[in-house]
Amino acid sequence: MNLDKSVDPMLIVALNVAATFVFGLSGGLAAVRAKLDIVGVMVLAAVVGLAGGVTRDLLIGTPPATFRDGRYLAAVGAAGLVCFFAHSVIERVHRSVLFFDAIGLSLFCVTGASTALAFGLGATQAIILGAITGIGGGMLRDVLLREVPIVLRSELYAVPALAGASVVAIAHAAGSNSAAWAVAGAAVCLVIRLLGMRYGVTLPSAPEERRSDPDAN
Amino acid sequence: MNLDKSVDPMLIVALNVAATFVFGLSGGLAAVRAKLDIVGVMVLAAVVGLAGGVTRDLLIGTPPATFRDGRYLAAVGAAGLVCFFAHSVIERVHRSVLFFDAIGLSLFCVTGASTALAFGLGATQAIILGAITGIGGGMLRDVLLREVPIVLRSELYAVPALAGASVVAIAHAAGSNSAAWAVAGAAVCLVIRLLGMRYGVTLPSAPEERRSDPDAN
Amino acid sequence: MNLDKSVDPMLIVALNVAATFVFGLSGGLAAVRAKLDIVGVMVLAAVVGLAGGVTRDLLIGTPPATFRDGRYLAAVGAAGLVCFFAHSVIERVHRSVLFFDAIGLSLFCVTGASTALAFGLGATQAIILGAITGIGGGMLRDVLLREVPIVLRSELYAVPALAGASVVAIAHAAGSNSAAWAVAGAAVCLVIRLLGMRYGVTLPSAPEERRSDPDAN
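Chains as they are written, first to last, in the numbering used here: chain A, 23 to 239; chain B, 23 to 239; chain C, 23 to 239.
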């Protein structure tokens, strides 16, 4: 493991804790809206906040940091309590679960890529792991609430995560691990995601190449 | 890893195998009721019986014991066969999948916490991992059968698991790893869970703080 | 880890990459049919192609090979692109997602069992891990698209995987790790699966032993 040539570990931790908290908010809010009780709110906050990072660590092959480092548990605990007791305040900040989801996505795609690079994985792997870290929590939230995951529906969701992670991975490949690239990557992801939400950008579906339907020809 | 200051490993294994078996029964019975075939019954017994412990081990960062120790596989295999060939007997013991689920929950919350403590994790982590170990199997069962997981619905489900795990973690913090605390923790969990089921105890949902609906004011 | 007494590692890798590709096709095709966009197609191809092997490695307790070895990512990437841009060609080869699913199942059950044996696990564990490797991807595909997993519905799905893995495990126990047994195991699995699909073979559901309904007696 080579931690020298990577983004400052303390910055990664700080961004990770922040991402865990906002994803926790998105999970907790979704739970409040689904009329779950306080345990459901806490559980969903924890699952959504922690799933991305745990998945990343398991895929890298390192023990998940979550249960070694109490700050992550504190972050999701706080997020769950805030959602339960002050959800109307949270919703007033912005109406949407998706707003917090977008911030969490932006932070996690950057920290996921940085963590992968810190463990010596290549640029392609780092970009994909960055996207997985960002996407994992939201996917699990949707599965648990029995919706088809947002990333699979026609919205711009994985693309911003891949873009944000790419900023970090490309800067790393070019020899720079400045914290500025992590911030830039998160900003790139957030801007693309919010613009996509604002203007309802969708990606193309597979071209209809005339299904092989003999009757139609 | 410090196994000296923890509950007797043999007791943990015995309780784990027992929990795996009864969770296997709950999974197998759910499969029988959903009219699945014998493979579906065996698979669901295995998934529900093993998911909690596997999740715990992955979160701790140790290879899952399940596939190193044939007793766990034997336990879910036996549970699946019993459910398939003698489900009416099982149901006569108690009508409900939830009864076996409650016993599994009680045993796993204790063994999950004990295992976490044995690996040197702190009390908070041990309590949460105990709850996860107990909850994991049932969550996966519900997701596979396309129900919103029981723990997210308004019932007393995670609370008893947290309480049972807390007994073990608090005793450990106080310097005692007597097996009696493991038994006591399981009993606490089981009693709370069964009382909650009997009297239909539910937890509060988030307070309705007047949704910010301008038309309504 | 004893790699001497196991099937040729290069053969395992080749079969694994091939299985990853065809499972990727099955995931990508399912995504195209569900009208997902290109990201949804790529994600589903990746999830279905990689989930089985990742699960196997996590259960064995070794870091998932997927992110250390770019060939797996290349395989699912290629599968996703093929599905998106040429799905009608793919569908003309055979109408069904299930055809590619069957090939992936056959390859993965063999490589899963071989990998488990290579890590020194016993024959029973190897057979079960072979089946899990084969089944995992399809289960996750169905959960994400909100269907009850195919393996839990009444079709011959896990049985061929268990049979194919058994060929490898039994040959290994008898002292032979010839590549021929891997090929034979995959063929056994594929033939049983395709025959099962062709003739609509189903497994028995649990016997109806007169539900304990006092009114009915």
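All C-beta atoms in this analysis are idealised placements derived from N, C-alpha and C, irrespective of residue type, glycine included.
Is Leu-66/A close to chain B, meaning its C-beta is less than 8 Å from at least one C-beta of that chain? Yes, Leu-66/A counts as interfacial toward chain B.
If we cut at 8 Å on Cβ distances, does Val-189/B have a partner in chain A? So no, Val-189/B is outside the interface.
Can you list, in chain order, the residues of its chain with a C-beta nearer than 7 Å to that of Ala-185/B? Leave out the 5 residues immediately preceding and following it. Result list for Ala-185/B: Val-210, Cys-211, Ile-214, in chain order.
Are the CB atoms of Ala-208/C and Ser-136/C within a distance shorter than 8 Å? For the pair Ser-136/C and Ala-208/C, the CB atoms are not nearer than the 8 Å cut-off.
Take Pro-86/A as the anchor and find which of Pro-31/C, Leu-80/C, Gly-156/C, Glu-113/C has the nearest alpha-carbon. The residue with the shortest Cα to Cα distance from Pro-86/A is Leu-80/C.
Measuring CB to CB, does Val-5/A end up less than 8 Å from Ala-180/A? For chain A, the structure presents residues 23 to 239; residue 5/A sits outside this window and is missing.
Hey, how far is the Cα of Cys-131/A from the Cα of Thr-155/A? When the Cα atoms are used, Cys-131/A and Thr-155/A turn out to be separated by approximately 6 Å.
Buried or exposed: Val-111/B, going by 16 or more other Cβ atoms within 10 Å of its Cβ? Val-111/B comes out exposed.
Anyone know if the C-beta pair for Arg-163/B and Leu-66/B falls short of 8 Å? For Arg-163/B and Leu-66/B, yes; Cβs fall inside 8 Å.
Which residues in the same chain have their Cβ closer than 6 Å to the Cβ of Leu-37/C, if we skip the five residues on either side of it in sequence? Scanning its chain for C-beta atoms nearer than 6 Å, with the 5 sequence neighbours on each side dropped, one finds around Leu-37/C the residues Leu-129, Thr-133, in chain order.
Counterpart residues of Asp-164/A in DSSP-defined beta bridges: For Asp-164/A, which the question treats as bridged, DSSP gives no partner whatsoever.
Would you kindly check if the distance between the Cβ of Ala-97/A and the Cβ of Phe-43/A is under 8 Å? If you check the CB distance, Phe-43/A and Ala-97/A come in under 8 Å.
To the nearest angstrom, how far is it from the Cα of Tyr-221/C to the Cα of Cys-105/A? Approximately 53 Å between the Cα atoms of the pair.
Distance, Ser-188/B Cα to Gly-92/A Cα: Spanning the two alpha carbons is a distance of roughly 17 Å.
Is the separation between the beta-carbon of Val-165/A and that of Val-70/C shorter than 8 Å? No, they are not a contact pair.
Cross-chain neighbours of Thr-224/A in chain C, by beta carbon under 7 Å: Near Thr-224/A (Cβ distances below 7 Å), the residues of chain C are Asp-59.
Which residues in chain C sit within 8 Å of Gly-92/B, going by Cβ to Cβ distance? By Cβ distance, chain C contributes Gly-144, Thr-146, Gln-147.
With 16 as the cutoff for other CB atoms within 10 Å, does Pro-171/C come out buried or exposed? Counting Cβ neighbours within 10 Å, Pro-171/C comes out buried, since at least 16 surround it.
Where Ala-101/B and Leu-47/B are concerned, what is the direct C-alpha to C-alpha distance, given to the nearest angstrom? Across the structure, Ala-101/B and Leu-47/B are spaced so that their CA atoms are roughly 5 Å apart.
Kindly list, in the order they appear in chain B, the residues whose Cβ is closer than 9 Å to that of Arg-163/C. By Cβ distance, chain B contributes nothing, its closest Cβ being about 13 Å from Arg-163/C, past 9 Å.
Amino acids of chain B, ordered along the chain, whose beta-carbon sits closer than 8 Å to that of Val-63/A: Here the neighbours are Ala-228.
For Met-32/A, count neighbouring Cβ atoms within 10 angstroms of its own Cβ and tell me buried if that reaches 16, exposed if not. Met-32/A is exposed by the Cβ-count criterion.
What residues from chain B crowd round Leu-80/C, counting only those whose CB sits closer than 7 Å? Chain B residues near Leu-80/C: Leu-80.
Would you mind working out which of Ala-52/A, Arg-55/A, Met-64/A sits nearest Ala-153/B, comparing C-alpha positions? The alpha carbon of Ala-153/B has as its nearest neighbour, out of Ala-52/A, Arg-55/A, Met-64/A, the alpha carbon of Met-64/A.
Given a cut-off of 8 Å, decide if Thr-77/A and Gly-197/A are closer than it, judged by their beta-carbon atoms. No. Outside cutoff.
Cβ closer than 9 Å: which chain A residues qualify as neighbours of Val-76/C? What Val-76/C touches in chain A: Leu-80, Leu-81.
For Ser-227/A: DSSP bridge partner residues: Under DSSP, the beta-bridge partners assigned to Ser-227/A are Asp-59/C.
Out of curiosity, what's the CA-to-CA distance linking Thr-255/A and Arg-90/B? Outside the displayed span of chain A (23 to 239) sits residue 255/A, for which this structure offers no information.
Buried versus exposed, by CB contacts within 10 Å (16 or more), Glu-169/A: By the neighbour-count rule (16 or more Cβ atoms within 10 Å), Glu-169/A is not buried but exposed.
Are Gly-74/B and Phe-45/B closer than 8 Å when you measure CB to CB? The answer is yes: Cβ separation under 8 Å.
Is Ala-183/B buried or exposed, if buried means 16 or more other CB atoms sit within 10 Å of its CB? Result: buried.
Near Ala-56/B, which residues of its chain fall below 7 Å by C-beta distance, leaving aside the five closest residues on each side in sequence? Apart from the 5 residues on each side of it in sequence, Ala-56/B sits with its Cβ closer than 7 Å to the Cβ of Leu-167 in its chain, given in chain order.
Should Ala-138/B be labelled buried (16 or more other beta-carbon atoms within 10 Å of its own) or exposed? It is buried - the Cβ of Ala-138/B has at least 16 other Cβ atoms within 10 Å.
Assuming Leu-143/A is part of the alpha helix (DSSP H), what are its boundary residues? For Leu-143/A, no alpha helix (DSSP H) encloses it, and the DSSP letter there is neither H nor E.
List, in chain order, every chain C residue whose beta-carbon is nearer than 9 Å to that of Val-170/B. Within chain C, no residue comes near Val-170/B; the closest Cβ sits about 12 Å away, beyond 9 Å.
Let me make sure I understand the geometry here. Which of Thr-88/C, Ile-60/C, Gly-218/C has the alpha-carbon closest to that of Ala-41/C? Just measuring C-alpha positions, the residue of Thr-88/C, Ile-60/C, Gly-218/C sitting nearest Ala-41/C is Thr-88/C.
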